[in-house]
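All letters in the sequence shown, in the order written, are residues 29 to 308 by this note's numbering. Glycine included, every Cβ here is placed at the ideal spot set by N, Cα and C. Accompanying notes for the structure given below.
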Amino acid sequence: MQIQAATDQAFVAGAKLVIEDRQPIDITLASDAHGAFVWGVLDRLLDEPCLSFRTVTASGFGGMEAAVLAYGLALGGRRGARTALTNFWRRVSHASMSAVATGNPLRSILEQSIDIAELCKNSCQLKLNILAWNARTDTVTIFSGDQLSIDAILAGATVPFLFPAVEINGDPYWGEGEFSAVPPVLSIEAGRWLIVSGKPCMTPCAAHRLAANAANYASVHTIFDSHHRTSAALFTRPWTDWGELTDMRDRGRQRAEDWLLADHPTSNESSVVDSKNRYV
């Protein structure tokens, strides 16, 4: 796939952003976040040249979007990433119309959307971490660097029991694991940790895990979809309408803009599960 590079420009010219210039940001895409909502969040963040994307850790269908994001950035910068995500979702919409007849079309979509060799290069500017669960041991594995593969990304996006597990090195893997099992990516330098999730309910285990790791960041925030719909339904319906997808994308863009314009604390003085750090 060819992506043309272009100059980065902020989408909202009249609003004053509170994010510091070149602020490093680590993103976690939880498995319960609806894919098109995630698309909108990423699309809006890509508008801002003041943000420095450092890592993206993803589980579920978000792993495919994370891979497309990293690939687009590698080939064409921010504009290239936005174009790559749009093209990816057009393929999803088209493929979903015949999903009943063709089975799981995710492999074909992914192979058309990225070059996995590009993501495995040490020069890839965005570190990509894909999470998948071992179906035999029920343990989480993080695939990154030269461990990344089409199979690993597909495994993370595979809905348990709805589609067969993906075999990697002799073990079966799939996605959709418990959010509390998703580990943060520890950073050497301070930055912001942004979590994109499907709904604002969190188990005590997940809340405790997030709070325990918040000290590694200047601040930790979560963006939730106020119209949560489980991502597992994506390919179980007869079609995915393009207009419906773009509506979800626009809702994600708006939530991301709310986060960008909010008065974030300069230090992580409050619990990461405090409602003031949520954007729904």
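Exercise. What runs of the alpha helix (DSSP H), each 4 residues or longer, lie entirely inside the region 112-160?
Worked result: Whole alpha helix (DSSP H) segments, 4+ residues: 127-130, 134-141 and 144-147.
Problem set entry | Top-ranked residue by Cα proximity to ARG107, from ILE181, ARG72 and ASP253 | The candidate whose alpha carbon is nearest that of ARG107 is ARG72.
Exercise. Relative to the alpha-carbon of GLY100, which residue among ASP143, GLY91 and LEU289 has its alpha-carbon at the smallest distance?
Worked result: When only C-alpha atoms are compared, the closest one is ASP143.
Exercise. Can you tell which of ILE181, ASP174, ARG220 and ILE55 has the C-alpha that lies nearest to the C-alpha of CYS152?
Worked result: When only C-alpha atoms are compared, the closest one is ASP174.
For this session: Could you name the residues that DSSP lists as bridge partners for ILE170?
Result: Paired residues: LEU159.
For this session: Verify whether the separation of the beta carbon atoms of ARG135 and ILE178 is less than 9 Å.
Result: Yes; because the gap between Cβ atoms is below 9 Å, this pair is in contact.
Exercise. Taking buried to mean at least 16 other C-beta atoms within 10 Å of its own C-beta, is ARG283 buried or exposed?
Worked result: Label assigned to ARG283: buried.
Problem set entry | Alpha carbon of LEU97 to alpha carbon of LEU113, nearest angstrom | LEU97 and LEU113 have their alpha carbons spaced roughly 7 Å apart.
For this session: Would you mind sorting TRP140 into buried or exposed? The rule is 16 or more other CB atoms within 10 Å of its CB.
Result: One detail in the question is off: residue 140 reads as Gln in this sequence, not Trp. It counts as exposed.
For this session: Return the residue from the list PRO77, MET92 and GLU76 that minimises the CA-CA distance to ALA58.
Result: Ranking the options by Cα distance to ALA58, first place goes to MET92.
For this session: Just grab the DSSP bridge partners of GLU195 for me.
Result: For GLU195, the pairing in a beta bridge is given by DSSP as PRO200.
Problem set entry | Contacting residues, own chain, Cβ-Cβ under 7 Å from ILE53 (five flanking each side not counted) | Cβ neighbours of ILE53 beyond the five flanking positions: LEU79, SER80, PHE81, ARG82, GLY219, ARG220 and LEU222.
For this session: Please determine, among ILE196, ASN150, PRO188 and GLY88, the residue with the shortest C-alpha to C-alpha distance to ALA102.
Result: That would be ASN150, whose Cα lies nearest to the Cα of ALA102.
Exercise. Can you give the Cα-Cα distance for LEU289 and ALA86, rounded to whole angstroms?
Worked result: Looking at the two C-alpha atoms, the distance is approximately 25 Å.
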